[in-house]
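My numbering puts the first residue of the sequence shown at 33, with every later residue one more than the last.
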Amino acid sequence: KANGHVKSFTGSDRKTVEAEAKAWQAGITADVENMTVGKAYERYICSKENVLSPTTIRAYKGMARTNFQELMSLRIDKLSNEIIQAAVNRLSCTATPKSVRNNYGLLTAVIAMFNPYFKPVVKLPQRDKKEIVIPTKKQVQLLIKSVSGTQYYIPVLLAALCGMRAGEICALESKDVNGNKINVNKSLVRQLDGRWVTKPPKSYSGYRVIDAPPIVEEALKEKSGKIVSMTSHSLSDGFSIVLKRAGLPHFRFHDLRHFYVSELFDMGLPEKYIIAQVGHSSASITKSVYDHLAAEKQTKYAEDIASHFSDF
Numbered sequence: 033k034a035n036g037h038v039k040s041f042t043g044s045d046r047k048t049v050e051a052e053a054k055a056w057q058a059g060i061t062a063d064v065e066n067m068t069v070g071k072a073y074e075r076y077i078c079s080k081e082n083v084l085s086p087t088t089i090r091a092y093k094g095m096a097r098t099n100f101q102e103l104m105s106l107r108i109d110k111l112s113n114e115i116i117q118a119a120v121n122r123l124s125c126t127a128t129p130k131s132v133r134n135n136y137g138l139l140t141a142v143i144a145m146f147n148p149y150f151k152p153v154v155k156l157p158q159r160d161k162k163e164i165v166i167p168t169k170k171q172v173q174l175l176i177k178s179v180s181g182t183q184y185y186i187p188v189l190l191a192a193l194c195g196m197r198a199g200e201i202c203a204l205e206s207k208d209v210n211g212n213k214i215n216v217n218k219s220l221v222r223q224l225d226g227r228w229v230t231k232p233p234k235s236y237s238g239y240r241v242i243d244a245p246p247i248v249e250e251a252l253k254e255k256s257g258k259i260v261s262m263t264s265h266s267l268s269d270g271f272s273i274v275l276k277r278a279g280l281p282h283f284r285f286h287d288l289r290h291f292y293v294s295e296l297f298d299m300g301l302p303e304k305y306i307i308a309q310v311g312h313s314s315a316s317i318t319k320s321v322y323d324h325l326a327a328e329k330q331t332k333y334a335e336d337i338a339s340h341f342s343d344f
């Protein structure tokens, strides 16, 4: 069933029929026996253009254009674990483990739509240990002071003291602000054609109401209409220059969100409240920052112990 229509599929091969039914439900026609991997990629991405973000679609098209090229001319029903493993091995020589996993994830999604009976089982490179950068409180205080009176002042406040994402900041309007409450309900995103448009959050967790501290409330109270006139790209690009002028080490604009999460954890606030404030889709994302903090504190505890017992 799709778009209110019902269609039945019959055939001697159940697996092929399942592929045809799944493809039809996505609004496309499958011809598994003659379909190349490249064509399957094209049809899969086309079927997702109205449900995935422009950024994700752009990434998918880039992966289809540059990676696993040795597979693209092969028939999708002729793929095997050996063929895919060889392709994964080759990509692993030039790409990061994360990139390899992302490309493999897209490949398996394409296979699941057009060749659902085949479940690839291959060995992937070990995940990189994700290094989280958290600016210190002194660094953030210096940053806020250095951008006071500039177009970066409010974005920095909203990221560091409210945990907002760049896209959310660039889409924020005065009607979304009520005293110390900030209603996050949209994001400024770039379309495939290069246009910037305002869209709802990608997930339900993105909708939230943030408790803003007095300094943020004061900065926003006289604003009307669009709060920030930049895009997330120009904001992130210009941020590097801002850091240099302030004499601060390099970190991403997004790392100000990590600072915000770390401060809330340091205050001892409940994890559920922190997750709701920053709009994380799962506790594991928030916990990754907490684990990083815990590791830092363990190092300090070790130093304290060493100092305490230095006279023994």
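Backbone N, C-alpha and C fix where the C-beta goes; we use that ideal spot for every residue, glycine too.
query: For the segment 222-305, which segments carrying the beta strand (DSSP E) assignment without a break, of at least 3 residues, lie completely within its bounds, in sequence order?; result: 228-231 and 240-243
query: Give the DSSP-derived three-state secondary structure of Glu200 in the structure shown.; result: helix
query: Could you tell me the alpha carbon to alpha carbon distance between Ala251 and Asn135, rounded to whole angstroms?; result: 43 Å
query: Just the Cα atoms here: how many angstroms apart are Ser237 and Ala308?; result: 7 Å
query: Could you compute how far the alpha carbon of Arg75 sits from the alpha carbon of Ala118?; result: 24 Å
query: What span of residues does the beta strand (DSSP E) with Asn215 cover, start to end?; result: Lys213 to Val216
query: Counting only the same chain and skipping the five closest in sequence on each side, list residues whose C-beta sits under 6 Å from that of Asn82.; result: none
query: What is the DSSP secondary structure of Glu114, reduced to helix, strand or coil?; result: helix
query: How long is the line joining the alpha carbons of Leu175 and Leu267, rounded to whole angstroms?; result: 15 Å
query: Is Val349 helix, strand or coil by DSSP?; result: The displayed coordinates of the chain run from 33 to 344. Any statement about residue 349 would go beyond what the structure contains.
query: Give the secondary structure of Leu174 by DSSP, where H, G and I count as helix, E and B as strand, and everything else as coil.; result: helix
query: What are the residues that DSSP puts in a beta bridge with Ser219?; result: Lys231
query: Tell me which same chain residues have a C-beta within less than 8 Å of the C-beta of Ser40, skipping the five on either side of it?; result: none
query: Alpha carbons only, please: which of Ser131, Ser79 and Thr68 is nearest the one belonging to Thr98?; result: Ser131
query: Report buried or exposed for Pro232, applying the criterion of at least 16 other Cβ atoms within 10 angstroms of its Cβ.; result: exposed
query: From which residue to which residue does the alpha helix (DSSP H) around Thr150 run?; result: One detail in the question is off: residue 150 reads as Phe in this sequence, not Thr. Element bounds for Phe150: n/a, residue is neither H nor E.
query: Between Met262 and the rest of its own chain, which residues show a CB-CB distance below 8 Å, the 5 nearest in sequence each way excluded?; result: Gln183, Pro187, Cys202 and Gly270
query: Compare the beta carbon distance of Leu139 and Val69 with 9 Å and say whether it is the shorter of the two.; result: yes
query: How big is the Cα-Cα spacing for Leu301 and Ile214?; result: 19 Å
query: Applying the criterion that 16 or more other CB atoms from any shown protein chain within 10 Å of the CB defines a buried residue, is Arg240 buried or exposed?; result: buried
query: Among all the DSSP beta bridges, which residues are the ones paired with Asn210?; result: Lys213
query: Which same chain residues, not among the five before or five after Val142, have their C-beta less than 6 Å away from its C-beta?; result: Ala72, Tyr73 and Tyr76
query: Is it the case that the segment 190-202 contacts the segment 282-289, given that we only count it when at least three CB pairs across the two stretches are under 8 Å?; result: yes
query: Would you mind working out which of Arg46, Leu275 and Val293 sits nearest Ser178, comparing C-alpha positions?; result: Leu275
query: Please name the residue, chosen from Ala144, Lys169, Val154 and Leu84, that lies closest to Leu280 on a Cα-to-Cα basis.; result: Lys169
query: What's the gap between the Cα of Ile242 and the Cα of Lys304?; result: 13 Å
query: DSSP on Thr126, reduced to helix/strand/coil?; result: coil
query: Could you spell out the range, first to last residue, of the alpha helix (DSSP H) harbouring Arg90?; result: Pro86 to Thr98
query: Could you give the DSSP three-state label for Thr182: helix, strand or coil?; result: coil
query: Since Asn113 and Val172 should fall inside the 8 Å C-beta cutoff, what is the C-beta to C-beta distance between them, to a whole number of angstroms?; result: In fact, because the Cβ distance is near 49 Å, the residues do not count as touching under 8 Å.
query: What is the DSSP secondary structure of Glu205, counted as helix, strand or coil?; result: strand
query: May I have the straight-line CA-CA distance separating Gly199 from Ser180, to the nearest angstrom?; result: 21 Å
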